[in-house]
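To start, the structure itself, in structure tokens.
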Amino acid sequence: MRYHSTTTFITPTPGRSKSPKVTLAIFTSWARAEATGFIIKSYMVVQLTPSGSRGTWSQSQVSSGTRQVFIIPSAFPSTPASIESVIVQLKYPRQPVRRTEGQPLTLKCTVEYNKESCGSISVLWCLSLPENTCQPLTDPDRHLISINETIMSGKPMFRHRDAFVTFTQLSLKDIGLYQCNAVCQTTRSTAMGHLISVNVTGQDATTTTIFKGDTNDRCSVDLFLLTISIFILLWIHTL
Numbered sequence: 001m002r003y004h005s006t007t008t009f010i011t012p013t014p015g016r017s018k019s020p021k022v023t024l025a026i027f028t029s030w031a032r033a034e035a036t037g038f039i040i041k042s043y044m045v046v047q048l049t050p051s052g053s054r055g056t057w058s059q060s061q062v063s064s065g066t067r068q069v070f071i072i073p074s075a076f077p078s079t080p081a082s083i084e085s086v087i088v089q090l091k092y093p094r095q096p097v098r099r100t101e102g103q104p105l106t107l108k109c110t111v112e113y114n115k116e117s118c119g120s121i122s123v124l125w126c127l128s129l130p131e132n133t134c135q136p137l138t139d140p141d142r143h144l145i146s147i148n149e150t151i152m153s154g155k156p157m158f159r160h161r162d163a164f165v166t167f168t169q170l171s172l173k174d175i176g177l178y179q180c181n182a183v184c185q186t187t188r189s190t191a192m193g194h195l196i197s198v199n200v201t202g203q204d205a206t207t208t209t210i211f212k213g214d215t216n217d218r219c220s221v222d223l224f225l226l227t228i229s230i231f232i233l234l235w236i237h238t239l
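Oh and the sequence shown: position 124 is 124 in the numbering used here, straight run, nothing missing.
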């Protein structure tokens, strides 16, 4: 079954609360997708602005689309009253990560999911690419993958899964945005996490600084010895 809805936002003119300045109307056509969420079939955003003193309005289309977007409940914050309806939730830090080239790095993603509704689940870390795709981190020579799963206390139908990916030795090509994704194998419901930034600093700057320090010290010692040598030669010459 397909449903239609209209949402209107009114922005009042400053100092004249009864005279709206801009009105945005969002027309949405959507449908239920089993028990896992809903699909937006189409949408259109229309802007209405006053065009005269007689209360007339002019209408202009801001944006529209027919692309289907699948939305699952995990995209919204849960409350104790609605947690039973949540199928998949992803949890991991948002803070950027900074490391030095050659160091290891471990990223952790915690997934809470409904085993009864989701069935088996696939959880993976991936590298976000410019083409709006995400490349899974599955290279065994560079990435170590580990999974731990437990049953949530008091909720036998819910599972708690930790997905770890470890970079054994970071390089400059590991700089980028990373994301954790989860897919229910039964319903194909997908939860996509936020992007986190990984920045890797090269070791060249440190090496150069140390080398310069050694060179300066060596030059100072050589200059001191040369001065002492000249002084001794002059002293011998005066004897």
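Just so you know, even glycine gets a beta-carbon here, dropped at the ideal spot from N, CA and C. Model, not experiment: these values are computed from the prediction.
Determine the closest residue to residue i out of the options, with distance taken between C-alpha atoms.
| i | options | result |
| --- | --- | --- |
| R142 | S171, F158, M152, P130 | S171 |
| M157 | R98, Y113, L90 | Y113 |
| S197 | I87, K91, P96 | P96 |
| I87 | D139, G154, S153, R159 | R159 |
Does the separation of the CB atoms of residue i and residue j fall below 8 Å?
| i | j | result |
| --- | --- | --- |
| Q179 | C126 | yes |
| D162 | N181 | no |
| L129 | V165 | no |
Hey, how far is the Cα of residue i from the Cα of residue j?
| i | j | result |
| --- | --- | --- |
| I145 | H194 | 20 Å |
| E84 | P93 | Because E84 carries a pLDDT of 48, less than 50, the predicted location of this residue cannot be relied on, and no value is offered for it. |
| K173 | E131 | 18 Å |
| P104 | T110 | 20 Å |
| L124 | V183 | 9 Å |
| Q89 | A191 | 7 Å |
| K108 | L177 | 15 Å |
| R99 | I175 | 10 Å |
| T206 | T133 | In this prediction, T206 scores a pLDDT of 48, lower than 50, which makes its location untrustworthy; the coordinate-derived value is nonetheless stated afterwards. Roughly 35 Å between the two C-alpha positions. |
| Q203 | T106 | 20 Å |
| S122 | T201 | 32 Å |
| K91 | K155 | 18 Å |
| N199 | F167 | 13 Å |
| I151 | P140 | 29 Å |
| Q169 | Q135 | 19 Å |
| S153 | G102 | 40 Å |
Could you tell me if the beta carbon of residue i falls within a distance shorter than 7 Å of some heavy atom in the ligand HEM?
| i | result |
| --- | --- |
| V183 | In the structure on display, the ligand HEM does not appear, and there are no ligands present to speak of. |
Would you say the stretch 105–117 touches the stretch 184–198, given that touching needs at least three Cβ pairs under 8 Å?
With a cut-off of 8 Å, the stretch 184–198 and the stretch 105–117 count as touching, because enough Cβ pairs lie within range.
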